[in-house]
Amino acid sequence: MNIFRIAGDMSHVASIAILLLKMKTSRNCAGVSLKTQELYALVFLTRYVDLLFTNPLRSPLTMYNTIMKILFISTSLYIVYQMRTRYKHTYNEAADAFRVPFLIGPAAVAALLFHLKNTVVEVVWAFSIFLEAVAIMPQLFLLQKTGEVENITGHYIFALGAYRGLYALNWVWRAFWEPGYRQWLTWTAGIVQTGLYADFFYHYIRSKRQGKKLKLP
Amino acid sequence: GPTAAPKDEL
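As given, the protein sequences belong to chains A and B, one line each in that order. So in the numbering used here, the last one in the first sequence is 212, and the numbering has no gaps at all. So in the numbering used here, the last one in the second sequence is 12, and the numbering has no gaps at all.
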């Protein structure tokens, strides 16, 4: 466990808290992509199948991971549930039009082609890695369609992007300090994912420096 | 083939 990993995880948790807070205080989910949130729920459910056969008491790290996994699964399901019920009338359904099968299909094919072991759990795990890399796309698509980005939605995506960037630094750290630590599959997907935020980051930072509202061209 | 890395990240 290094500083980048912890900071990355905290940034991830912060992004979820920001999103929940935005919905609760403004009583709406305008600008939030339900499709992206459902993809994240699917990502966590397929990533953390190992919860079923891992003893959380094995080590402090296992305990930490178990708590975080349960937190990610439960909050993502909770967000989807809230968007589909309480905040349904504020959801930009027509604008949230990214076609999700175009993400799930290729992620499934990639997982069948590239996985670490020939077991169902490993293929499903690889699927979750590939799907996470692209799950933000409906959200970015929705913002681009809406044009102006609400402050808090901007913070949410920024925190989520920061999580990916910090994880990449964590990999660099580990590759340097832990002999034999190599994770090509995770690294490739993670770098693709971080890259998807590059354009958003550029506009986010520029809007902050100019003190203007964030607009995506 | 490649071995599955221990899943110690989230």
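Even for Gly, the Cβ is constructed at its ideal location relative to N, Cα and C. Since this is a predicted model, take the numbers as computed values, not measurements.
Counting every other CB atom within 10 Å of its CB across the protein chains shown gives Ser69(A) a total below 16, marking it as exposed. For Asp194(A), not one C-beta of chain B is nearer than 7 Å to its own C-beta.
When rounded, the separation of the alpha-carbon atoms in Tyr192(A) and Leu211(A) is 12 Å. Restricting attention to alpha helix (DSSP H) runs no shorter than 4 residues, the region 23 to 96 of chain A encloses them at 29 to 42 and 55 to 79, ordered along the chain. At a C-beta separation below 8 Å, Asp4(A) has these neighbours in chain B: Leu12. Residue burial is scored here from C-beta neighbours: Met78(A) has at least 16 other C-beta atoms within 10 angstroms and is therefore classed as buried. For Asn60(A), the residues of chain B that pass the 9 Å Cβ criterion are Lys9, Asp10, Glu11 and Leu12, in the order they occur in the chain.
In the structure shown, Glu143(A) adopts extended strand secondary structure according to DSSP, grouped into three states. Per DSSP, the beta bridge partners of Lys210(A) are Glu143(A). Asn165(A) and Phe(-1)(A) have their C-alpha atoms spaced approximately 5 Å apart. In this structure Val44(A) touches Val119(A) by the C-beta definition: roughly 6 Å separates them, less than 8 Å. Under the 8 Å Cβ criterion, the region 51 to 66 of chain A does not count as touching the region 131 to 140 of chain A, having fewer than three qualifying pairs. Taking all protein chains in view, the Cβ of Met(-4)(A) is surrounded by fewer than 16 other Cβ atoms within 10 Å, so the residue is classified as exposed.
Within chain B, Asp10 have C-beta atoms less than 8 Å from the C-beta of Leu56(A), given in sequence order.
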